[in-house]
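Engineer:
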Amino acid sequence: MTVIDVTEQTFETEVVERSKQVPVVVDFWAEWCGPCRMLSPIIERAADAREGKVVLAKLDTDANPGISQAFGIQGIPAVKAFKDGKVVDEFTGALPPQQVERFFDGFVPSEAELLAAAGDEDSLRRAVELEPTRVDAVVPLARILLERGERDAAAELLGNVPGDFQAQGLAARIRLEDRGEPDLSAAWTALDAGDHEAAIDALIGALPASDGAKDDIRQAVVAILDELGVEHPLARDARRRRAAALY
């Protein structure tokens, strides 16, 4: 990983000009800043995963007030990505690792991102090894395992991304299938066939008589709606019907 310290004297050459050859991420920090110390290793790991494809530069805002003022730095940590001589993305504050990864993905793909995009099982497994919380690798790999009957392995894998709707929905499906009651086989058959409307109908239809399983069914419906997107014609009606069935 290439990490450089930059100053007001070297910023133009090391950041602006260099970014015309390779993206440069600038970490604006200060010694007294606690959140900066929290964010620094997260940024470094993200840059390290893209070795040779990005340069990480660190600028001490106390020692270089002119650059900080020029770029409107009002709070730190502040991170700006430069490409082709200009800022292409930025954020302020100590973001969690997943959000930092998405930030880097916006202008330079990691090895794990490229592997996840390939989509075959070997590539997905390697992507998860490199980035265990990478949703776009974890969820499709879990689906492959589930289709093969490796339910425990799929459920364990999904535990790495607890905040993702797709992961939560797939984990809920595993629990519902293991429970066996209510019988939702028609919903899963429709979903596997790509018939989202029939799957939603079957799941929502099972809600009134599904004591103890309502939350899992709700999560399964939410995952389908998340996959469809908020603008999909099915989404608004399904949300209304789901709420009516639950409450």
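Numbering (this note's numbering), first residue to last: 268 to 514. Positions of the beta carbon are idealized from the N, C-alpha and C atoms, including for glycine. In this text the structure is predicted, and so the values were computed from the model without any measurement.
#1: Is it the case that the Cβ atoms of residue 292 and residue 326 are separated by a distance below 7 Å?
#2: For the structure I just gave you, are there three or more beta carbon pairs, one from the region 342-358 and one from the region 382-389, closer than 8 Å?
#3: Pick helix, strand or coil for residue 362, following the three-state DSSP scheme.
#4: Taking residue 318 as the reference, give the member of 284, 299, 376 with the closest Cα.
#5: Check whether the region 455-466 touches the region 426-436, counting contact only when three or more Cβ pairs, one atom from each stretch, lie closer than 8 Å.
#6: Determine the extent of the beta strand (DSSP E) in which residue 292 is found, giving its start and end residues.
#7: Is residue 275 closer than 7 Å to residue 333 when the C-beta atoms are compared?
#8: Would you list the residues sitting across from residue 271 in a DSSP beta bridge?
#9: Buried or exposed for residue 498, going by 16 or more other Cβ atoms inside 10 Å?
#10: Under the rule that 16 or more other beta-carbon atoms within 10 Å means buried, what is residue 478, buried or exposed?
#11: Does DSSP classify residue 356 as helix, strand or coil?
#12: Quick one: Cα of residue 301 to Cα of residue 482, how far?
#13: Under 7 Å, do residue 400 and residue 365 count as touching if we go by C-beta distance?
Structural biologist: Let me spell this out:
#1: no
#2: no
#3: In the three-state scheme derived from DSSP, where H, G and I count as helix and E and B as strand, residue 362 is classed as coil.
#4: Nearest to residue 318 by alpha-carbon distance, out of 284, 299, 376, is 376.
#5: no
#6: 291-296
#7: yes
#8: 324
#9: exposed
#10: Residue 478 is exposed by the Cβ-count criterion.
#11: strand
#12: 39 Å
#13: yes
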